[in-house]
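Participant:
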Amino acid sequence: MSGNHGNRRAELANDIRRQAGSEVTKRFLRTLPAFRLEKEMPQRLSDLLDRLDDAEAENADGGRRSMAARRH
Numbered sequence: 001m002s003g004n005h006g007n008r009r010a011e012l013a014n015d016i017r018r019q020a021g022s023e024v025t026k027r028f029l030r031t032l033p034a035f036r037l038e039k040e041m042p043q044r045l046s047d048l049l050d051r052l053d054d055a056e057a058e059n060a061d062g063g064r065r066s067m068a069a070r071r072h
């Protein structure tokens, strides 16, 4: 019985994946405000991404630069 149950779950997951990726569903979701694409990135998100880029650049050398900066 559990094998049949697992098969049904896999089929359901495949159906959901197929339907979620269909053009009809994508077109419908684009009409909903929560799923609309913004033309520009909000400034707060842009600032956070800049901070992330800076942190990654600092750690690109294994964190040695940031450790040296802490000592001074």
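Residue numbers (full-length UniProt numbering): 1 to 72.
All residues carry an ideal CB built from backbone N, CA and C; glycine is no exception.
Quantities reported herein were computed from a predicted structural model and do not represent experimental measurements.
Rounded to a whole number of angstroms, what is the C-alpha to C-alpha distance between Leu45 and Ala60?
Facilitator: Rounded to the nearest angstrom, the two C-alpha atoms are 22 Å apart.
Participant: Just curious, the alpha helix (DSSP H) that Glu23 is in, first and last residue?
Facilitator: Unbroken alpha helix (DSSP H) run through Glu23: Glu23 to Thr31.
Participant: What separation, rounded to the nearest whole angstrom, lies between the Cα atoms of Ala10 and Thr25?
Facilitator: Cα to Cα, Ala10 sits roughly 21 Å from Thr25.
Participant: Reducing DSSP to helix, strand and coil, say where Arg36 ends up.
Facilitator: Reduced to three states, the DSSP call for Arg36 is coil.
Participant: Output the distance between the C-alpha atoms of residue 97 and Glu56, rounded to the nearest integer angstrom.
Facilitator: The first residue shown for the chain is 1 and the last is 72, placing residue 97 beyond what the model contains.
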